[in-house]
Amino acid sequence: MRRTSLRFGLLAPLRRLAALASLICLFLPSHADAERVVVHPPHIVGGEVLLGPARLEAIHAALLRVVRDLELFPVLEELPGEGSIPVPKSLAEYHAIARFYEADYVLVAGIEPLEGGYQLHLSVYWAKGGRLERIVSDVRHSREDIRLKEILYSMIRPRGVDDSRETLEGYDSIARTLEAVESAAARREMGIEDTLADPNEEFDEILPEELNGIPAKKASIAPRFVQSSIALRSLVLHDSKSPNSITGAVTLRIGRATRRVPRLEMSATLEVGFGSAGSVALFGGGTYYFISPPSLKVRMGASFALGLYGGTSEGISGAAFTSRASLVADIALKGPFRLQVAFPEVQYFTLSGAALNVGAYLGASTRF
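Right, dumping it as structure tokens:
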């Protein structure tokens, strides 16, 4: 009899958790609401390295793929019959293209071939504001999609490239550093002596400024992330008794930076608790990084989330609304991986009386 009552007692929290999940889905963008982007076929603007039609088509496909990944709707320019599509030159021509295709943005990519990659001469026109922006960026074949996503994410938005220009212009230091490391490893395997002044110097200690004699630019970070973490918390306040319980939790968090405010990242979190009290919780919230240096190696911010908590407390099973706030440090590791530490993390919930948890969590994430 008790098992039956407990089973039915847990159904109510699960229903409420499902309702919260449905509510979170309402905030996810749909393709019907996606902004329309005209993607002009890439054209060659110079360079000493020959680039065939197949490579131009591959770059065009990469641009279309990245536009879709950014939850935008790509529009392909077409002409009746055969022949190349002329490249727009004036602001009036960009405006005419956007108006003809009922598009929000017009994207025109010029390709300057280089060994191992190309210089991207990108022009982006914003129809609503009548603004045309241009930028020249280094794109390596080894990191093409990620680099294009960084560039387009920062340009196809109402605020435009803004303060991201210094980050995006110039060469891709991440790709070139990785290429140097791989080249050094291949040379070692072949038994070829390194040409460094100090044979004991490690390639992963080479500064970006030392590559090709080009000054380094500010780093950039991919907009989306997936994170897993583990938390440890202590019950510090409770209406019914002196608190002394310790709980743990594992979480899965997905999110992305907002386009208008890149320092603000919105996320949805699924959490499973264990220890003195089992629980399941869903959260929706965000983190604002008020300290975000150009290198992006360490970012500091504050996080806040609201959600629905289902679990057992004081022998009572049920569901309750909960809120959580924390201070966050986000630390770069290698490549797209980052480490996140939150302390203190304060959680308030009302199951079987008002309660307050204080703790910390440690998480690892990948950006894409």
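In this note's numbering, the protein residues as written are -8 to 359. Don't be surprised by glycine CBs; every beta carbon is placed ideally from N, CA and C. Computed from a predicted structure; not experimentally measured.
Inter-residue Cα distance where the pair is residue i and residue j
i: Ser155; j: Leu169; result: 22 Å
i: Gly107; j: His132; result: 6 Å
i: Leu159; j: Ala25; result: 25 Å
i: Val349; j: Arg134; result: 41 Å
i: Phe91; j: Glu62; result: 22 Å
i: Ala316; j: Val289; result: 20 Å
i: Val66; j: Ala351; result: 46 Å
i: Ile102; j: Gly277; result: 38 Å
i: Arg27; j: Val127; result: 23 Å
i: Asp95; j: Ala89; result: 7 Å
i: Gly239; j: Leu347; result: 14 Å
i: Ile165; j: Glu157; result: 15 Å
i: Leu123; j: Ala100; result: 13 Å
i: Arg179; j: Pro44; result: 36 Å
i: Gln338; j: Gly275; result: 14 Å
i: Pro335; j: Thr242; result: 17 Å
i: Ala52; j: Asp163; result: 21 Å
i: Gln218; j: Ala83; result: 45 Å
i: Val152; j: Arg125; result: 9 Å
i: Ala177; j: Ala171; result: 10 Å
i: Gln284; j: Leu324; result: According to the sequence as given, residue 284 is Pro; it is not Gln. Each residue's alpha carbon lies about 16 Å from the other.
i: Ala222; j: Leu287; result: 24 Å
i: Asp321; j: Ala175; result: 30 Å
i: Gly161; j: Arg224; result: 46 Å
i: Ile282; j: Phe216; result: 19 Å
i: Glu59; j: Ile137; result: Residue identity differs from the one stated: residue 59 is Arg in this sequence, not Glu. About 13 Å.
i: Glu93; j: Arg167; result: 39 Å
i: Tyr300; j: Phe64; result: 37 Å
i: Ser81; j: Glu173; result: 43 Å
i: Tyr109; j: Ala49; result: 13 Å
i: Thr249; j: Ala87; result: 29 Å
i: Ser258; j: Met181; result: 46 Å
8 Å contact criterion, which residue i and residue j should meet: CB distance rounded
i: Arg244; j: Thr260; result: 4 Å
i: Ile212; j: Arg358; result: 6 Å
i: Leu226; j: Ser236; result: 5 Å
i: Phe340; j: Ala311; result: 5 Å
i: Val57; j: Leu139; result: 5 Å
Beta-carbon gap between residue i and residue j smaller than 7 Å
i: Tyr85; j: Pro77; result: no
i: Ser294; j: Arg329; result: no
i: Ser220; j: Gly354; result: yes
i: Val319; j: Gly292; result: yes
i: Ala272; j: Glu256; result: no
i: Tyr280; j: Arg254; result: yes
i: Pro214; j: Tyr144; result: yes
i: Leu111; j: Val97; result: no
i: Leu55; j: Val36; result: no
i: Pro104; j: Leu47; result: no
i: Ser314; j: Leu297; result: yes
beta-carbon residue i near the ligand NAP non-hydrogen atom, thresh 6 Å
i: Leu105; result: For the structure depicted, the ligand NAP is absent and the ligand set is empty, with no information on it obtainable.
Practice prompt. Starting from the N-terminal side, write out each stretch of the alpha helix (DSSP H) that is 4 residues or longer and does not extend beyond the region 234 to 292.
Written response: none
Item to complete: Determine contact between the region 143 to 153 and the region 108 to 121, defined as no fewer than three beta-carbon pairs at a distance below 8 Å.
Response: yes
Worksheet item: Which ranges would you report for the beta strand (DSSP E) in the region 95 to 152 if only whole runs of at least 3 residues count?
Response: 96 to 105, 108 to 117 and 122 to 131
Worksheet item: At which residue ranges does the region 320 to 346 contain complete beta strand (DSSP E) runs of 3 or more residues, listed in the order of the chain?
Response: 328 to 340
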